[in-house]
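Asker:
Number of protein chains: 4
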Amino acid sequence: MKATESVDRSPFNVVLLATGGTIEKSYDPHSGQLSLAVPVIEGLLESLDMPDVSVRIERLMAKDSLDITDADRQAIVYAAQAVLEQGRVDALVITHGTDTLAETAVALHVALGSPGVPVVITGAMRPYRVAASDAAQNIAQALMAARLLAPGVHAVMHGRAIDAERVVKDYERLTLTARA
Amino acid sequence: MKATESVDRSPFNVVLLATGGTIEKSYDPHSGQLSLAVPVIEGLLESLDMPDVSVRIERLMAKDSLDITDADRQAIVYAAQAVLEQGRVDALVITHGTDTLAETAVALHVALGSPGVPVVITGAMRPYRVAASDAAQNIAQALMAARLLAPGVHAVMHGRAIDAERVVKDYERLTLTARA
Amino acid sequence: MKATESVDRSPFNVVLLATGGTIEKSYDPHSGQLSLAVPVIEGLLESLDMPDVSVRIERLMAKDSLDITDADRQAIVYAAQAVLEQGRVDALVITHGTDTLAETAVALHVALGSPGVPVVITGAMRPYRVAASDAAQNIAQALMAARLLAPGVHAVMHGRAIDAERVVKDYERLTLTARA
Amino acid sequence: MKATESVDRSPFNVVLLATGGTIEKSYDPHSGQLSLAVPVIEGLLESLDMPDVSVRIERLMAKDSLDITDADRQAIVYAAQAVLEQGRVDALVITHGTDTLAETAVALHVALGSPGVPVVITGAMRPYRVAASDAAQNIAQALMAARLLAPGVHAVMHGRAIDAERVVKDYERLTLTARA
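Chains as they are written, first to last, in the UniProt record's numbering: chain E, 1 to 180; chain H, 1 to 180; chain L, 1 to 180; chain B, 1 to 180.
(1) Less than 8 Å separating the beta-carbons of leucine 149 of chain B and valine 120 of chain B?
(2) Taking one C-beta from the stretch 165 to 173 of chain H and one from the stretch 131 to 151 of chain H each time, how about it: are there three or more such pairs within less than 8 Å?
(3) With 8 Å set as the bound, which would you pick, yes or no: does the beta-carbon of proline 51 of chain H sit closer than that to a beta-carbon of chain E?
(4) Would you verify that the beta carbon of arginine 160 of chain B is, or is not, closer than 8 Å to some beta carbon of chain H?
(5) Flag threonine 175 of chain H as yes if its beta-carbon sits less than 8 Å from any beta-carbon of chain E, otherwise no.
(6) Under 8 Å Cβ-Cβ, which residues of chain H neighbour serine 6 of chain E?
(7) Whose C-alpha, out of B:Leu66, B:Ala178 and B:Pro115, is nearest the C-alpha of aspartate 90 of chain B?
(8) Please classify isoleucine 68 of chain E: does DSSP put it in a helix, a strand, or coil?
(9) Which residues of the stretch 51 to 66 of chain E have a Cβ closer than 9 Å to any Cβ of chain H? Give them in chain order.
(10) Which first and last residues belong to the alpha helix (DSSP H) in which serine 47 of chain H is found?
(11) I'd like to check one pair, leucine 16 of chain H with lysine 25 of chain H: are the Cβ atoms closer than 8 Å?
(12) Is there at least one Cβ from chain L nearer than 8 Å to methionine 1 of chain B's Cβ?
(13) Going straight from the alpha carbon of leucine 108 of chain E to that of proline 151 of chain E, what length do you get?
(14) Could you tell me if alanine 82 of chain E is buried or exposed, where buried requires 16 or more neighbouring beta carbons within 10 angstroms of its beta carbon?
(15) In three-state DSSP terms, what is methionine 50 of chain H?
(16) Since histidine 22 of chain B meets chain H, which of its residues come closer than 7 Å, beta carbon to beta carbon?
(17) Counting contacts by CB-CB distance shorter than 8 Å, is methionine 157 of chain L in contact with chain E?
(18) Assuming glycine 113 of chain H contacts leucine 66 of chain H under a Cβ cut-off of 8 Å, what Cβ separation, rounded to an integer in Å, is found between them?
(19) Based on DSSP bridge pairs, tell me the residues matched to aspartate 8 of chain B.
(20) Identify the contact partners of leucine 48 of chain L in chain B, using a Cβ-Cβ distance below 9 Å as the criterion.
(21) Tell me, please, whether the CB atom of valine 38 of chain H is closer than 8 Å to any CB atom in chain C?
(22) Assuming isoleucine 23 of chain L is part of the beta strand (DSSP E), what are its boundary residues?
(23) Could you check how far apart the C-beta atoms of isoleucine 162 of chain B and alanine 178 of chain B are, in whole angstroms? I think they sit under 8 Å.
(24) In the DSSP assignment, what residue or residues form a beta bridge with proline 118 of chain H?
(25) Per DSSP, which one or two residues make a beta bridge with alanine 91 of chain H?
(26) Does DSSP put methionine 1 of chain H in a helix, a strand or coil?
(27) Compare the C-beta of arginine 129 of chain L against all C-beta atoms of chain B and say whether one is closer than 8 Å.
(28) Return the CA-CA distance between histidine 158 of chain E and leucine 45 of chain E, expressed in angstroms with no decimal places.
(29) What does DSSP give as the partner residues of alanine 82 of chain B in its beta bridges?
(30) Expressed to the nearest angstrom, what Euclidean distance is found between the alpha-carbon atoms of alanine 131 of chain H and serine 6 of chain H?
(31) What did DSSP end up calling valine 38 of chain H once you bin it into helix, strand or coil?
(32) CA-CA distance, alanine 180 of chain L and isoleucine 23 of chain L?
(33) Alpha carbon to alpha carbon, what distance is there between alanine 164 of chain L and alanine 155 of chain B?
(34) Please state whether DSSP places alanine 164 of chain L in a helix, a strand or coil.
(35) Tell me whether threonine 19 of chain B is buried or exposed, calling it buried when 16 or more other Cβ atoms sit within 10 Å of its Cβ.
(36) Who are valine 130 of chain H's beta bridge partners in DSSP?
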């Protein structure tokens, strides 16, 4: 880039709502178990190189998605609505466990109607803090997709974007897929 | 996913043309220098989890992009045309050094006119095989973008897609950016 | 090294008895739990650079050390005796969970009496396949210690070698330590 | 460990003299080259888990060992003597490039005579900040060996300790070895 050139450096503003899920599990050496006690999305985002993307993290809860109750799901919907109503956000990303991700995607789709920006829900099949994790890939791809998708609610995982109403967990291949 | 549900598992078919660049440099302990002697895109792709994306790698050259000649650039264009003419590909991804990536993007844009599928050119500021590399992120995001972008030639780096005619290297912030 | 110089390349021969333990736990994405179903010591050893050390792995069991019974402990002792009786081994390394590592160390010490070579028992507080693991460090240091220690049974962890009769798990600091 | 047990937690005190070498090279995205501009030994040590080892780093220089002059080598010897004369150190570790590591080892051996503690010189064939590095292994093993070796000057690499007078670089196998 020559010094005299004018370039477009306007940032892309994202709010990320963190709810827990496999993506955030980390090893607790005292219990010998995986736990959701320590937030990891912050460290994951620092590992990505996105100089013109600005991500603000809001933590809602830190739950395995099998433990997400109707009230929790409603809290996620309210938080998403609150972010969208404030405006000044170019996209909303939600991290979530995969077991009930599809239910939350539908709840968001029903409640948000036609949001003005892309709403992307993602997660991981292997925690960020274990070997061979898909977490960083999924967050990187969710942020990329959030910039390119049309407004509406989408699930993004493993290089694929799926409409909220069609997303389903594929337990055999360990991915999210779309109803035909 | 219930066993009886029908899901859409049709693969997304990508050809990746590898040309070298920083993304593929690795440490040669005999010389003590970085070299392009060993292909690395194959290993990088294996580290990604994309069960319904099929990527076929074609190696064209292994060059620092400052060493890419007009003839090399023409060879890249011809290879891209050949892949697109064969059809049966959903997107074309090209890995390339960042110093002259913009020139190759323009050459592809001029030569391909209106390709029927997205053509995405990407690279990295830090080699895949060094600490804190942006290589896996960029490939993951290039493949995501290749699925979502309109047909045409695009550069993708650091979570951003840029039209071929506007892309320029930002040597200060070490990224690709867009002319205003 | 000049081509005409004569160098000492005689290998150091180690047998490694694998019994399981935290060091070998890996994430099972189907159950969402850590499991001992997949052996990991092999991959860990491949990641180390020790051109004149030869390690032969013998798998005895794959158990959390809290689940090691008296019969299991006896099987470990017998296996150690069998390796030492065959001779032609310069050191014996045993990987083991840390919760009952001290008991197995004592059992080995009592049963082996004065083994002709160092017998080193080690493990990890964090599995090899999770972030920030101490597993590779401990195996590297156990192999180094196995080359330098006197014959006898020793525990090695976190840069420290401890006589079998004195070793105790420090649950507060998450390490092995020595009775004063 | 039962709460009432008395354990030995006296720390093992090490001074580490850093001089540069391949082990400390890291990628400079502005130049596209490896450089010694950024210290890395600090980060490497933080990645190790050694609760009862205390390491104080003293940086002497940051040089490729092919660029170490006689005056530099003398400065390393003086620094080692100064640390040893202060006492209160259980071992001295020196990180150094491998090309002239043997010369510095001999210079230390000649100048220090019979040091009261182990002096261990180490390095790496692949920088800490590149893939498949042997750096963390070598530092972990050097610290283990520093605790077990007799007083005197030793080179440690790839799981092997070599007397200062016998060490030689094996350019073919990319390791340090011992003259027969």
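For glycine and all other residues, C-beta sits at the position ideal for the given N, C-alpha and C.
Bear in mind the structure is a predicted one, so any value in this text is a computation, not a measurement.
Answerer: A quick look at the data gives this:
(1) yes
(2) no
(3) Chain E has a Cβ within less than 8 Å of the Cβ of proline 51 of chain H.
(4) no
(5) yes
(6) Within chain H, the C-beta atoms nearer than 8 Å to that of serine 6 of chain E come from Arg179 and Ala180, in chain order.
(7) B:Pro115
(8) Assigned with DSSP and collapsed to three states, isoleucine 68 of chain E falls in coil, not helix or strand.
(9) Identification of residues in the stretch 51 to 66 of chain E having a C-beta nearer than 9 Å to some C-beta of chain H yields Pro51, Asp52 and Val53, given in sequence order.
(10) 41 to 47
(11) Result no, Cβ atoms of lysine 25 of chain H and leucine 16 of chain H do not sit closer than 8 Å.
(12) Because methionine 1 of chain B carries a pLDDT of 48, less than 50, the predicted location of this residue cannot be relied on, and no value is offered for it.
(13) 13 Å
(14) exposed
(15) In the displayed model, methionine 50 of chain H falls within coil according to three-state DSSP, outside both helix and strand.
(16) The amino acid occupying residue 22 of chain B in the given sequence is threonine; histidine does not appear at that position. Under the 7 Å cutoff, chain H gives Gly32.
(17) no
(18) Contact flag wrong, Cβ pair sits at about 28 Å.
(19) L:Ala178
(20) Within 9 Å Cβ-Cβ: Asp134, Gln137, His158 and Gly159.
(21) No chain C appears in the structure shown, which is made up of the protein chains E, H, L and B.
(22) Careful: isoleucine 23 of chain L lies outside any beta strand (DSSP E) and carries neither H nor E.
(23) 5 Å
(24) H:Gly152
(25) Under DSSP, alanine 91 of chain H forms a beta bridge with H:Val14.
(26) For methionine 1 of chain H, the pLDDT reaches just 48, beneath the cut-off of 50, and the residue's location in the model is therefore unreliable, although a value from the coordinates is still provided. Methionine 1 of chain H falls in the coil class under three-state DSSP.
(27) Not an interface residue.
(28) 17 Å
(29) According to DSSP, which records beta bridges pairwise, alanine 82 of chain B is partnered with nothing at all.
(30) 42 Å
(31) coil
(32) 27 Å
(33) 28 Å
(34) coil
(35) buried
(36) Per DSSP, the beta-bridge partners of valine 130 of chain H are B:Val130.
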